[in-house]
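One structure is given here, and the rest of the page talks about it.
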């Protein structure tokens with residue numbers, strides 16, 4: 001394993017704060033330049049208004065063609081009266097946080113937004129000020145570090161189950177691995193088999209509800225020299241024209257429910 005790979009894995013295993021977000025999401029510029037701004041004070045706005053807002057950073061808008069925030073949040077049926085947890089969202093300027101937080105906090109309908117940031121000892125330590133057992137929805141957007149680098153991965157999924165109230169939902173979007181190849185727990189490529197996550201979710205007690213193809217990319221062959229990091233926005237493997245033509249990674253989009 002190269003020194004670079006060793007460093008990358010150590011960041012994930014240690015939940016190295018925003019380093020996790022830099023590697024897993026690749027939007028460090030947006031996160032760090034805007035993390036001190038507060039978007040939760042905005043008045044009531046629809047998801048459409050927030051996604052199409054002129055105030056959204058241009059680099060966020062440029063990625064909408066791959067991340068489909070409006071379609072994804074509509075599929076999960078996120079509502080402003082919900083108590084919503086987002087795993088590893090970055091600062092207030094994070095891609096999804098910048099949409100979800102003002103949508104909920106600005107609505108005045110009793111909802112609340114709870115970010116679970118890296119580097120806090122979760123899940124061995126419960127998230128401070130988070131009302132376990134009362135959360136309506138937990139969301140995971142490409143924060144796959146805990147799935148494949150954060151041992152044991154099952155503990156993280158089990159804790160998501162504990163956060164939710166009976167009847168609560170878990171929505172996840174993640175880099176979809178090749179289902180013809182068994183999941184490598186080390187997963188240097190960064191891809192996570194959808195079946196691998198589903199097995200963990202069902203072991204934790206979740207019921208699978210539905211899936212969407214909205215974030216799928218059939219051009220992604222998943223056999224790149226640096227795994228998903230060959231693709232935009234990382235483009236680690238050179239030949240940028242080739243990888244830009246493929247686009248960002250193929251992603252599964254799943255919705256689960258806690259029985260009750």
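In this note's numbering, the protein residues as written are 1 to 260. Ideal Cβ placement from N, Cα and C applies to all residues, glycine included. None of these values were measured; they are calculated from a predicted model.
How far does the alpha helix (DSSP H) with residue 51 in it reach, from first residue to last? For the purposes of this step, residue 51 is identified with residue 51 of the chain shown, where counting begins at 1. Counting along the chain, the alpha helix (DSSP H) containing residue 51 begins and ends at 47-51.
Identify which residue in 82, 59, 98 has its Cα closest to the Cα of residue 266. Lying outside 1 to 260, the shown extent of the chain, residue 266 is not represented and no answer is given.
Compute the Euclidean distance between the alpha carbons of residue 143 and residue 149, then round it to the nearest angstrom. For the purposes of this step, residue 143 is identified with residue 143 of the chain shown, where counting begins at 1. For the purposes of this step, residue 149 is identified with residue 149 of the chain shown, where counting begins at 1. So the alpha carbons of these two residues sit roughly 11 Å apart.
DSSP-derived helix/strand/coil call for residue 31: Within the chain shown, the letter at position 31 stands for residue 31. Its pLDDT being 32, under 50, residue 31 is placed unreliably by the model, and nothing is read from it.
Name the two residues that bound the continuous beta strand (DSSP E) containing residue 261. This structure cannot settle anything about residue 261, because the visible part of the chain is limited to 1 through 260.
If residue 137 and residue 76 are in contact, beta carbons under 8 Å, what's the gap, nearest whole angstrom? Here residue 137 refers to the residue found at position 137 when the chain shown is read from its first residue. Here residue 76 refers to the residue found at position 76 when the chain shown is read from its first residue. Yes, residue 137 and residue 76 are in contact; Cβ-Cβ is about 7 Å, under 8 Å.
Can you tell me where the alpha helix (DSSP H) holding residue 200 begins and where it ends? Residue mapping note: residue 200 aligns to position 200 of the chain shown, counting from 1. Residue 200: member of the alpha helix (DSSP H) spanning 194-204, first to last residue.
Rounded to a whole number of angstroms, what is the C-alpha to C-alpha distance between residue 232 and residue 113? Position 232 of the chain shown holds residue 232. Position 113 of the chain shown holds residue 113. For residue 232 and residue 113, the distance between alpha carbons rounds to 29 Å.
In this structure, does DSSP put residue 207 in helix, strand or coil? Working through the chain shown from its first residue, we reach residue 207 at position 207. Collapsing the DSSP output to three states places residue 207 in a strand.
Assign residue 23 to buried or exposed, taking buried as 16 or more other Cβ atoms, counted over all protein chains shown, within 10 Å of its Cβ. On the chain shown, position 23 is the one that residue 23 refers to. Caution is warranted here: a pLDDT of 34 is assigned to residue 23, below 50, making its placement in the model unreliable, and the coordinate value is therefore given only provisionally. So residue 23 counts as buried.
So what does DSSP say about residue 253, is it helix, strand or coil? Position 253 of the chain shown, counted from the first residue, corresponds to residue 253. For residue 253, the secondary structure class from DSSP, reduced to helix, strand or coil, is strand.
Count the other CB atoms, across all protein chains shown, that sit within 10 Å of the CB of residue 208; report buried if there are 16 or more and exposed otherwise. Your numbering for residue 208 matches position 208 in the chain shown. Counting of Cβ neighbours within 10 angstroms places residue 208 among the exposed residues, the total staying below 16.
Enumerate in chain order the residues of its own chain whose CB-to-CB distance from residue 141 is below 6 Å, with the five nearest sequence positions on each side excluded. Your numbering for residue 141 matches position 141 in the chain shown. The answer, listed in chain order, is 96, 173.
Give the secondary structure of residue 220 by DSSP, where H, G and I count as helix, E and B as strand, and everything else as coil. For this step, residue 220 is matched to residue 220 along the chain shown. In this structure, DSSP gives residue 220 a state outside helix and strand, which the three-state scheme calls coil.
Cutoff 8 Å: residue 135 Cβ touching any chain B Cβ: Here chain B cannot be found, since the structure has a single protein chain.
Just to confirm my understanding: we take residue 139, look at its own chain, exclude 5 residues before and 5 after, and list those with CB closer than 6 Å. What are they? Stepping through the chain shown from its first residue, residue 139 is reached at position 139. Only 86, 171 meet the Cβ criterion.
Can you grab the Cα-Cα spacing for the pair residue 259 / residue 167, in whole Å? Taking the chain shown and counting its residues from 1, one reaches residue 259 at position 259. Taking the chain shown and counting its residues from 1, one reaches residue 167 at position 167. One C-alpha to the other measures close to 5 Å.
Considering only DSSP beta bridges, list what residue 144 is partnered with. For the purposes of this step, residue 144 is taken as residue 144 along the chain shown, with counting starting at 1. DSSP output for residue 144 lists no bridge partner at all.
Continuous alpha helix (DSSP H) stretch holding residue 103: start and end: Here the question's residue 103 lines up with position 103 in the chain shown. Counting along the chain, residue 103 sits inside the alpha helix (DSSP H) bounded by residues 97-105.
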